[in-house]
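Notes follow once the structure below has been shown.
Printed below as a string of structure tokens:
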């Protein structure tokens, strides 16, 4: 436990509140989550509020934004937005979790901070006398700020595997990784190393014209490794500079070795202090890429070394009405004017009006740089089993949907019965 000079404020809303306050009179609360936020648990713990399914019906809207932090956990920003009688009364709270924290610990911290933020809206209402506040007594010994013995370094080794076997087929995959990160406001260091292998085998039995049974086995293996490192130095609220290095291999992509090294610079139009709400970052990099191929490419080469440059524009907006994220960028090779790639993506989550939700996620690339690593001879079986690639001039992916919900605005009841069962 940290022994800093701060108080932990614990708020308990008593059962008498739930008993005395009629549901029609209770304040209406809307949780606006950008990721999973334990909604059933929150509704159960804060049952004295009426949870509504639409932000337009709420007295208080809570925008919950989670981002991965340098310790491998998450940093949460809770933005309380007052509506109706609480219009223009807004507040923000922040808290962080550790990678080792359990789900129960995380959701407990979330509820504690929600209570802390909501008390500001209840203190001047008729329900104020139903709130009890407990301030723990200060320890008698002198509070000390403990020094981090790891100096902000975080190490994460891990791995996973899968197996699927039948009489005439076998497939398995293994992934191992080791991450080393250090995140401070002025400096970020991220590195990751890994190995993966995917194997598939299928046996087909057939009968020839003489009635003899014979079998044919088709198999493919995709194996690869990677290692990358990123160092970023914050220069100001808007500027940052750093560099990136990458090394890897892939049977599927015909790469015995692939390496990239490049310095980069970034400008964020919005201040970094509000990065959970707004980001518009412009990033420029220039460097070298090397490919050592497993088989000769269409240029009859086994080794390619090319200087390149790249620009990216990345947008992220998280607001009460939803979120918009997007990226557009591309790279080009100096010595080959016809080799380049442009990529764009956009994701939208929009609560346009009461009950209406619109979701869209699209991405596309225009590809003109496979000439460096695409093999001259392509094995069809490897392509079909995921251990080879085909040439392409573009890639396109996406999904989207709309929904409209109407009826009762109340959404406070939690009933888990028969949940998770298949019919």
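Residue numbers (mature numbering (1 follows the signal peptide of the UniProt record, and there is no 0)): -18 to -1, 1 to 405.
We put the CB at the ideal spot given by N, CA and C, even for glycine.
Considering just the uninterrupted stretch of the alpha helix (DSSP H) at residue 49, what are its terminal residues?
From DSSP, residue 49 is part of no alpha helix (DSSP H) but of the beta strand (DSSP E) over 42 to 50.
I need the DSSP call for residue 38, collapsed to helix, strand or coil.
Of the three classes helix, strand and coil, the one that applies to residue 38 here is helix, per DSSP.
Per DSSP, what kind of secondary structure is residue 102 in: helix, strand or coil?
Helix.
One question on the structure: do residue 181 and residue 152 come within less than 9 Å of each other, judged by their Cβ atoms?
A Cβ-Cβ contact shorter than 9 Å links residue 181 with residue 152.
Distance, Cα to Cα, residue 21 vs residue 113?
Approximately 22 Å, taken between the alpha carbons.
So residue 325 and residue 347 are supposed to be a Cβ contact under 8 Å. How far apart are they, rounded?
Contact flag correct, Cβ pair sits at about 4 Å.
Spatially closest choice to residue 300 from 14, 209, 106 and 97, by CA coordinates
Of 14, 209, 106 and 97, the residue nearest in Cα terms is 14.
Reference residue 385, options 353, 339 and 253, closest by Cα
Of the candidates 353, 339 and 253, the one whose C-alpha sits nearest the C-alpha of residue 385 is 339.
I believe residue 206 touches residue 231 by the beta-carbon criterion, under 8 Å. Please report the beta-carbon distance rounded to the nearest angstrom.
With 8 Å as the limit, residue 206 and residue 231 qualify as a contact, their Cβ atoms being about 5 Å apart.
Per DSSP, residue 198 forms a beta bridge with which residues?
Per DSSP, the beta-bridge partners of residue 198 are 186.
8 Å CB neighbourhood of residue 431 in its chain, flanking five on each side removed:
In the structure as shown, the chain begins at -18 and stops at 405. Residue 431 is therefore absent and cannot be evaluated.
Sub-9 Å separation of residue 234 and residue 369 beta-carbons
Yes, Cβ-Cβ distance for residue 234 and residue 369 is below 9 Å.
Taking 9 Å as the threshold (C-beta atoms), are residue 179 and residue 144 in contact?
Going by C-beta atoms, residue 144 is not nearer than 9 Å to residue 179.
Scan the segment 272 to 331 and note each continuous beta strand (DSSP E) run of 3 residues or more that stays entirely inside, going in chain order.
Correct list: 285 to 301 and 304 to 315.
Who are the Cβ neighbours of residue 135 in its own chain at under 6 Å, not counting the five residues just before and after it?
Around residue 135: 164.
What would DSSP say about residue 95, mapped onto helix, strand or coil?
Residue 95 falls in the helix class under three-state DSSP.
Could you give the distance in angstroms between the alpha-carbon of residue 44 and the alpha-carbon of residue 201?
Rounded to the nearest angstrom, the two C-alpha atoms are 53 Å apart.
Backbone secondary structure at residue 350 - three-state DSSP
Here residue 350 sits in coil by DSSP.
Residue interval of the alpha helix (DSSP H) (run including residue 107)
Where residue 107 is concerned, there is no enclosing alpha helix (DSSP H), given that its DSSP letter is neither H nor E.
For residue 67, count neighbouring Cβ atoms within 10 angstroms of its own Cβ and tell me buried if that reaches 16, exposed if not.
Exposed: under 16 other Cβ atoms inside 10 Å.
Sequence-distant residues of the same chain with beta carbon closer than 6 Å to residue 247, five excluded per side:
Once the five neighbours on either side are set aside, the close Cβ partners of residue 247 are 223 and 266.
From residue 96 to residue 321, what does the alpha carbon distance come to, in whole angstroms?
Near 52 Å, if we compare the C-alpha coordinates of residue 321 and residue 96.
Could you give the residue range of the beta strand (DSSP E) that holds residue 258?
Counted as a single uninterrupted DSSP element, the stretch harbouring residue 258 is not any beta strand (DSSP E), since DSSP gives it neither H nor E.
I need the DSSP call for residue 214, collapsed to helix, strand or coil.
It is a strand residue.
With H, G and I counted as helix, E and B as strand and the rest as coil, what does DSSP make of residue 191?
Coil.
Are the segment 288 to 298 and the segment 253 to 266 in contact at 8 Å, needing three or more beta carbon pairs?
Result yes; three or more Cβ-Cβ pairs closer than 8 Å.
To which residues of the same chain is residue 365 closer than 8 Å at the C-beta, ignoring the five residues directly before and after it?
Correct list, in chain order: 371 and 372.
Same chain, Cβ closer than 6 Å to residue 258, neighbours up to 5 away in sequence not counted
The residues are 47 and 59.
Cα-Cα separation between residue 275 and residue 334, rounded to whole angstroms
A direct Cα-Cα distance of roughly 50 Å separates residue 275 from residue 334.
In chain order, what residues of the same chain have a beta carbon less than 7 Å from the beta carbon of residue 344, not counting five sequence neighbours either side?
If we look at residue 344 and ignore the five residues flanking it on each side, its Cβ neighbours are 327, 328 and 380.
Just to confirm before moving on: does the CB-CB distance between residue 306 and residue 331 stay below 9 Å?
Yes, they are a contact pair.
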